[in-house]
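Presented below is the structure to which this report refers.
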Amino acid sequence: MSALERLQEKIEQLKNNYLGMRHEIDELKSQLEDVYASKGEQDNTIGQLRSELEEKDREIEGIVTKIEELLS
172 MSALERLQEK IEQLKNNYLG MRHEIDELKS QLEDVYASKG EQDNTIGQLR SELEEKDREI
232 EGIVTKIEEL LS
């Protein structure tokens, strides 16, 4: 095997390694985008649940106020 052939083989290996790494990076970017999307959905759900909780708290306060009025 000549020096040129060894060099060509090494270049081909490096090229294949590079392409493999690019593919892995693309997969990781896709996974990261999925995580960000999921986080956004979770943040929206948390916001909705907090709003519902605040509404329920107001309803409870109203009921407690009415009960106190009835008892006094």
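Counting from 172, one number per residue, gives the positions in the sequence shown under the numbering used here. We treat Cβ as the ideally placed atom computed from N, Cα and C, and that holds for glycine.
Distance CB(MET172)-CB(GLU183) smaller than 9 angstroms: The answer is no: Cβ separation not under 9 angstroms.
Start-to-end residues for the alpha helix (DSSP H) that takes in MET192: Here the alpha helix (DSSP H) through MET192 covers 174 to 242.
Rounded C-alpha distance that separates GLU239 from GLU225: Distance between the alpha carbons of GLU239 and GLU225: 21 angstroms.
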